[in-house]
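K.L.:
All residue numbers for the sequence shown refer to this note's numbering, where the first residue is 1295 and numbers rise by one.
Virtual Cβ for every residue (Gly too), placed ideally from N, Cα, C.
Here it is: the structure, laid out below.
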Amino acid sequence: MKAPVLYIVIPCYNEQEVLPTTAGMFLAKIESLTEKGKISPDSRILFVNDGSRDDTWKIITELSERDPRYQGIAQSRNRGHQAAVLAGLMECRERCDVTISIDCDGQDDINAMDEMIDAYLDGCEVVYGVRSKRETDTFFKRFTAEGFYKLLSFMGAEVVFNHADYRLISSRVLKEFANFKEVNLFLRGMVPLVGFKSTSVYYERHERIAGESKYPLKKMLALAFDGITSLSVKPIRMVFFAGLIIMMLSFIGILWAVVQALAGGTVSGWASLACIVCFMGGVQCLFLGVIGEYIGKIYLEVKARPRYIIAERTEGMQEDFSVQTAVSWHDTED
Ligand code: UDP
Ligand code: MG
1295 MKAPVLYIVI PCYNEQEVLP TTAGMFLAKI ESLTEKGKIS PDSRILFVND GSRDDTWKII
1355 TELSERDPRY QGIAQSRNRG HQAAVLAGLM ECRERCDVTI SIDCDGQDDI NAMDEMIDAY
1415 LDGCEVVYGV RSKRETDTFF KRFTAEGFYK LLSFMGAEVV FNHADYRLIS SRVLKEFANF
1475 KEVNLFLRGM VPLVGFKSTS VYYERHERIA GESKYPLKKM LALAFDGITS LSVKPIRMVF
1535 FAGLIIMMLS FIGILWAVVQ ALAGGTVSGW ASLACIVCFM GGVQCLFLGV IGEYIGKIYL
1595 EVKARPRYII AERTEGMQED FSVQTAVSWH DTED
C-alpha cells in the first residue's frame, strides 16, 4: 500500500517568538515518519496565519521559500482559532489522505503523532489527542479547563474529555465534514458527530515553549458558550423545568398566604415581598438571556457569512484558477 500523504495543520496567531523553534520540530517529525515509511515524502506542514499583527506571516513565507514542505495560507483577518483550524483543514482536504491539527506553541507532544498515524494505518479515520496530565498548567487554567469539559457534558454536549484540537482526521471524514455548514464553530464537538471509526491517544501537555497564551478567560468563556449552544438545546429545556419548579413553589406560597389570611393572620413584611420580586426579575432576565443566546446563534447562522477568507497563499497552496485569471487580466491590459 502507498504511504499516505499527511498535512499537519497549524493555526498561528502572533507566534513570532515560538514559530522558528517549533517549525523545525514539525519538520523533523515529518522526516522521521517518512523515513519509517509511515507517510509519503509529499507530506506537508500547513501553517494558517490567523491575521497576526507581528512577523508570523513573514516567517511562514520565508520557511516555505527555504523548504517546500512548509506551506502557508493567511486569513484576511483574525477570526479565532477554530476558524483558522477549519480553514487549514478545508484547504488541504483534497491534497492529502490524512491531516493532523496541532497548536504551534509546542504544548502538545508531537511524538503522539506516531501513534496517531499507526491508528490511522490500522483503519481509524479520526484519532483524538487526549491530555493525560495537566501538571504544567497553572491551577487556574487546569481548574477552568477541566470545569469546562464537565460543564459541557452536563449540558448535553458530547465531547472527548480533555481533548482539545490536537487530532488526526482522514480526508474521507473531512469530505463529509465539509457538509457541516454551521458558522458557530466548535470543532471538538462537531467532529464526533461525523462518526466513522475513531480512537484516542494519550500524551502529556507541556508548557508553552515561548510567547503567551492567546486564550484569555474571555475567549475561553466565549468558546464554552459556543460549545454548549452549538451542540445542545439542553439549556433551554433546563430553563423550562426551572420555570416549572419556580411556578409550583410560588403556587404553594400562594396557597399558604391564602390560608394565613383566612385564619386571620396577616403576612407581615415588605422586605420579603421585595426580595421575591427582585429575585423573580433576575430569574426572568437570566432565562431570557439563555433564549436570546440561541436566537443570536440563529441570526448568525441565517446570515451564513463565510467562515474564513484566505487572503494569501504560499506557492504550493496556490489555486490554479486564481493564478490563471491574474495572468490573463494583466495580459489583456495594454
Ligand atoms: N490561535 C489562533 N487564533 C486566535 C488565538 C489563537 O490561531 O485568535 C492559535 C495560537 O496561535 C495557537 C493555538 O491557536 O497555535 C492555541 O492558542 P494558545 O496556545 O494561545 O491557547 P492555550 O494553549 O493557551 O489554550
Ligand atoms: Mg497553547
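Tell me the DSSP bridge mates of G1366?
P.N.:
Translated into positions along the sequence shown, residue 1366 becomes position 72. DSSP, once it has assigned bridges, lists F1341 as partnering G1366.
K.L.:
For the beta strand (DSSP E) that contains I1333, what are its first and last residues?
P.N.:
Here residue 1333 is taken as the residue at index 39 of the sequence shown, counted from 1. It is not in any beta strand (DSSP E) - I1333 carries neither H nor E in the DSSP assignment.
K.L.:
Going by beta carbon distance, what residues of the same chain come within less than 8 angstroms of L1511, once the five residues before and after it are set aside?
P.N.:
By one-based count along the sequence shown, residue 1511 stands at place 217. Here the set comprises T1438.
K.L.:
Does the Cβ of S1358 have 16 or more other Cβ atoms within 10 Å, making it buried, or fewer, making it exposed?
P.N.:
As a first step, residue 1358 must be located in the sequence shown, where it is residue number 64. Classification for S1358: buried.
K.L.:
Within 10 Å of its beta-carbon, does I1570 have 16 or more other beta-carbons around it, so buried, or fewer, so exposed?
P.N.:
Numbered from its first residue, the sequence shown carries residue 1570 at position 276. Classification of I1570: exposed, given that the 10 Å Cβ count is below 16.
K.L.:
Can we say the region 1372–1380 touches the region 1411–1422, given the rule of at least three CB pairs closer than 8 angstroms?
P.N.:
Flag = no, the region 1372–1380 and the region 1411–1422 do not touch.
K.L.:
For E1498, which beta-bridge partners are listed by DSSP?
P.N.:
Sequence index remark: in the sequence shown, residue 1498 carries index 204 (1-based). Beta-bridge pairing links E1498 to K1427.
K.L.:
Comparing alpha-carbon positions, which option in D1416, N1473, L1487, R1436 lies nearest A1451?
P.N.:
As a working note, residue 1451 is residue 157 in the sequence shown. Measuring from the Cα of A1451, the nearest candidate turns out to be L1487.
K.L.:
Go ahead and pull the three-state DSSP assignment for E1440.
P.N.:
Your numbering for residue 1440 matches position 146 in the sequence shown. Helix at E1440.
K.L.:
Between R1425 and Y1497, which are expected to be in contact by the criterion C-beta below 8 angstroms, what is the C-beta distance as a whole number of angstroms?
P.N.:
Along the sequence shown, one-based indexing puts residue 1425 at 131. Along the sequence shown, one-based indexing puts residue 1497 at 203. Yes, R1425 and Y1497 are in contact; Cβ-Cβ is about 7 angstroms, under 8 angstroms.
K.L.:
What did DSSP end up calling C1398 once you bin it into helix, strand or coil?
P.N.:
Translated into the one-based positions of the sequence shown, residue 1398 becomes position 104. C1398 falls in the coil class under three-state DSSP.
K.L.:
Just jot down, in chain order, the residues whose CB lies closer than 6 angstroms to any heavy atom of the ligand UDP.
P.N.:
P1305, C1306, Y1307, E1309, D1344, N1372, G1374, H1375, A1378, D1397, C1398, D1399, Q1401, S1507, K1508, Y1509
K.L.:
Considering only the beta carbon of each residue, do Y1297 and K1332 sit closer than 9 angstroms?
P.N.:
Taking the first residue of the sequence shown as position 1, residue 1297 is located at position 3. Taking the first residue of the sequence shown as position 1, residue 1332 is located at position 38. Just to set this straight, residue 1297 is Ala in the shown sequence, not Tyr. Yes. Within cutoff.
K.L.:
Count the other C-beta atoms from every protein chain shown that fall within 10 angstroms of the C-beta of I1305, then say buried if there are 16 or more, exposed otherwise.
P.N.:
Numbered from 1 along the sequence shown, position 11 holds the residue referred to as residue 1305. For the record, residue 1305 in the displayed sequence is Pro; it is not Ile. Looking at its Cβ environment, which holds 16 or more other Cβ atoms inside 10 Å, P1305 is buried.
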